[in-house]
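Notes follow once the structure below has been shown.
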Ligand SMILES: [Mg+2]
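In my numbering, the protein residues as written are 37 to 255.
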């Protein structure tokens, strides 16, 4: 959110969101094809949204004076932990294996940046898929923290479209926005480490710095 970005000045509004229009769009990127409701956060405003004029204007987001804190924020799977079970992702604590050496790198970054703010932000859509319960997801995070030897507060999104449309699933910025607001983070000073393209997009949308775990942990 820092730096040069674009905002839309909307003139001649004839229809208000939410509620119009009702058109559904196909999402072909995920498995299969299914309709997802269009919403204004996902794409540029167009006349069908009820606007007669759309003008792009550059802006720089200015954070309030209380937004000063620095944090390290981590993805979980294939960033600080691996699955040693049968599935791709841990579904029970016995599946969790924290990658050796990550604790030392995390602690070194916190010390070098003079902060003790450490958080996790992870997609856990196995809940929405019916593969895991909330209790099982949290048991896996508890095991992760135990092996890591650090008390990481984990934010996680259990939701998956189209069952649940949410801003809290990466690459959307919901989990980052929550951390920024609750802990008065200055995003440009914070670092997000995650292994996937959606992690990189999430960091970019939140205004966080980004590193792949190979870079951060020196693998
Ligand atoms: Mg990952």
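A virtual CB, placed ideally from N, CA and C, is assigned to each residue, including glycine.
Report yes or no: do the stretch 176-184 and the stretch 98-109 share at least 3 C-beta pairs separated by less than 8 Å?
no
Ligand 1 heavy atom lying under 8 Å from the CB of residue 112:
The residue you call residue 112 lines up with position 76 of the chain shown. Yes, Cβ of residue 112 sits closer than 8 Å to a heavy atom of ligand 1.
Segment limits, beta strand (DSSP E) that includes residue 153:
Looking up residue 153 in the chain shown gives position 117. First-last of the beta strand (DSSP E) with residue 153: 153-159.
Can you tell me whether residue 87 is helix, strand or coil according to DSSP?
Locating residue 87 in the chain shown gives position 51, counting from the first residue. Correct three-state label for residue 87: coil.
Where residue 222 sits in the DSSP three-state scheme
The sequence position of residue 222 within the chain shown is 186, counting from 1. Coil, per DSSP.
Between the stretch 137-154 and the stretch 164-172, do at least 3 Cβ pairs fall closer than 8 Å?
no
Between residue 217 and residue 228, is the Cβ-Cβ spacing less than 9 Å?
By 1-based counting over the chain shown, the position of residue 217 is 181. By 1-based counting over the chain shown, the position of residue 228 is 192. It is not a contact, given that the beta carbons lie outside the stated cut-off.
Give the straight-line distance between the Cα atoms of residue 120 and residue 136, rounded to the nearest whole angstrom.
Counting from one through the chain shown, the residue named residue 120 turns up at place 84. Counting from one through the chain shown, the residue named residue 136 turns up at place 100. When rounded, the distance between both Cα atoms is 14 Å.
In chain order, what residues of the same chain have a beta carbon less than 6 Å from the beta carbon of residue 126, not counting five sequence neighbours either side?
Along the chain shown, read from residue 1 onward, the residue named residue 126 stands at position 90. Closer than 6 Å at the Cβ level, and outside the excluded window around residue 126, lie 119, 132, 176.
If the criterion is Cβ atoms closer than 9 Å, does the pair residue 139 and residue 110 meet it?
Position 103 of the chain shown, counting from 1, holds the residue named residue 139. Position 74 of the chain shown, counting from 1, holds the residue named residue 110. Going by C-beta atoms, residue 139 is not nearer than 9 Å to residue 110.
With a threshold of 8 Å, establish whether the CB of residue 235 neighbours any heavy atom of ligand 1.
Here the question's residue 235 lines up with position 199 in the chain shown. Result yes, Cβ under 8 Å from ligand 1.
Go ahead and label residue 264 buried or exposed: buried means 16 or more other beta carbons lie within 10 angstroms of its beta carbon, across all protein chains shown.
Here the chain covers residues 37 to 255 and nothing more, so residue 264 does not appear.
By Cβ distance, which residues of its chain are closer than 7 Å to residue 219, with the 5 residues on each side in sequence left out?
The residue given as residue 219 occupies position 183 in the chain shown. Taken in chain order, the residues that qualify are 105, 107, 153.
Assigned secondary structure, residue 232 (DSSP; H/G/I helix, E/B strand, else coil):
On the chain shown, residue 232 is found 196 positions in, with the first residue counted as 1. Here residue 232 sits in coil by DSSP.
So, at 7 Å on beta carbons, what are the nonlocal neighbours of residue 58 in its own chain, with the 5 sequence-adjacent residues on each side left out?
In the chain shown, residue 58 corresponds to position 22, counting from 1. Its pLDDT being 41, under 50, residue 58 is placed unreliably in this model, and the value from its coordinates should be taken loosely. Once the five neighbours on either side are set aside, residue 58 has no close Cβ partner at all.
Flag residue 161 as yes when its Cβ comes closer than 8 Å to any non-hydrogen atom of ligand 1, and as no otherwise.
Here residue 161 is taken as the residue at index 125 of the chain shown, counted from 1. Outside the cutoff, so no.
How long is the line joining the alpha carbons of residue 225 and residue 142, rounded to whole angstroms?
Position 189 of the chain shown holds residue 225. Position 106 of the chain shown holds residue 142. Spanning the two alpha carbons is a distance of roughly 16 Å.
Looking at the unbroken alpha helix (DSSP H) that takes in residue 176, where does it start and where does it end?
Locating residue 176 in the chain shown gives position 140, counting from the first residue. Residue 176 -> alpha helix (DSSP H) spans 170-184.
Measuring only the C-alpha atoms, how far is residue 112 from residue 191?
Numbered from 1 along the chain shown, position 76 holds the residue referred to as residue 112. Numbered from 1 along the chain shown, position 155 holds the residue referred to as residue 191. So the alpha carbons of these two residues sit roughly 10 Å apart.
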